[in-house]
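Peer 1: In this note's numbering, the protein residues as written are 670 to 849. C-beta atoms are modelled at their ideal positions from N, C-alpha and C, and glycine is treated no differently. The structure that follows is given in the form of structure tokens.
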């Protein structure tokens, strides 16, 4: 398992973002990792080259990158032969904004886990809606579950994931706490 220590820095294009992501996947593949985990909300880095907007509009704007994000990570998973937990990405579905973690399997299939417990700031400033189901995914290395940041603080989710057969629980997280 490879957990990327991802550096959020200014970028000027989606292609620059893609190169940075490919670097981590390539390294994970070189070490023969079966999984690579990216952080929660790491696609907010794309905001560095977009026009400044109110926070709620900016998060919705990220959803415009969903097709390119899905294509990029699906290609990386199959090319580098590694399962990728793609951090999380803000996705608009039926006019609702969700914080979603995608699983990109090395066989080219994609799964997704919605964040279930939305923080007060996500709800207030960005208008993020919660998902309503904890998924357990089959992979070539066993059953896994994905929890997004705040979700892991609700221990019942881990119990449910284990009861559903999850052998590994991946947690994509982002925190403003400097000592975390």
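Just confirm the distance between the C-beta atoms of residue 814 and residue 805, as a whole number of angstroms; I'd bet it's less than 8 angstroms.
Peer 2: The pair is a contact, with the Cβ atoms about 5 angstroms apart (cut-off 8 angstroms).
Peer 1: What span of residues does the beta strand (DSSP E) with residue 816 cover, start to end?
Peer 2: Residues 811 to 817.
Peer 1: Applying the criterion that 16 or more other CB atoms from any shown protein chain within 10 Å of the CB defines a buried residue, is residue 765 buried or exposed?
Peer 2: By the 10 Å Cβ count, residue 765 comes out exposed.
Peer 1: Can you tell me which of the three DSSP states residue 796 falls into?
Peer 2: Correct three-state label for residue 796: coil.
Peer 1: How big is the Cα-Cα spacing for residue 745 and residue 759?
Peer 2: Taking the straight line from one Cα to the other gives about 20 angstroms.
Peer 1: Which of the three DSSP states is assigned to residue 692 in this structure?
Peer 2: Helix, per DSSP.
Peer 1: Ends of the alpha helix (DSSP H) at residue 738?
Peer 2: That run of the alpha helix (DSSP H) goes 735 to 748.
Peer 1: What is the DSSP secondary structure of residue 790, reduced to helix, strand or coil?
Peer 2: Note: residue 790 maps to helix in three-state DSSP.
Peer 1: Where does residue 834 land, buried or exposed, given buried means 16+ other C-beta within 10 angstroms?
Peer 2: Exposed, since its Cβ has fewer than 16 Cβ neighbours within 10 Å.
Peer 1: Give the secondary structure of residue 824 by DSSP, where H, G and I count as helix, E and B as strand, and everything else as coil.
Peer 2: In this structure, residue 824 counts as helix in the three-state DSSP scheme.
Peer 1: Between residue 697 and residue 683, what straight-line distance do the alpha-carbon atoms span, to the nearest angstrom?
Peer 2: Each residue's Cα considered, the two are about 21 angstroms apart.
Peer 1: Between the alpha carbons of residue 792 and residue 819, how many angstroms are there, rounded?
Peer 2: Each residue's Cα considered, the two are about 13 angstroms apart.
Peer 1: Quick one: give me the first and last residue of the alpha helix (DSSP H) that residue 731 is part of.
Peer 2: Segment 724 to 731, the alpha helix (DSSP H) holding residue 731.
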